[in-house]
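Note sheet for the following structure.
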Amino acid sequence: MIFTEFFYGAIAIALGAFITLIRIMLGPSVPDRVVGVDTLNTLIVAGMILLGAAYDRVIYIDIAIVYALLSYIGTLVIAKYLQGGLE
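In terms of the numbering used here, the sequence shown opens at residue 208 and continues consecutively.
Laid out in structure tokens, this is it:
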């Protein structure tokens, strides 16, 4: 059934999120944590797309696209700050 594929996808995303959260907590430096947060944001976008496909709702995919764009902009701002560019 279709439910099992979505269930396995959700399990994979949850497992990836758990591993990423461990990386964020144990990251030895700030850039490692930033990469972990960016990875977590990517997994959240993947979960939204999976949810949109499971419920056959396009609005979840639209929200995922906007969230991915904002996540990317946030990562750029943090990278610029870590480089010492924001004053």
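Note that beta-carbon positions come from the ideal geometry of N, C-alpha and C, so glycine has one too.
Remember, predicted model here, so these are calculated numbers, not experimental data.
For Asp269, the enclosing alpha helix (DSSP H) begins and ends at Val265 to Gln290. For Gly243, the uninterrupted alpha helix (DSSP H) segment begins and ends at Val237 to Tyr262.
In this structure, the beta-carbon distance from Leu247 to Ala224 falls below 8 Å.
When the beta-carbon positions are compared, Tyr279 and Met255 stay at least 8 Å from each other. A distance below 7 Å between beta-carbons, with the five flanking residues on each side excluded, links Val244 to the following residues of its chain, in chain order: Ile231.
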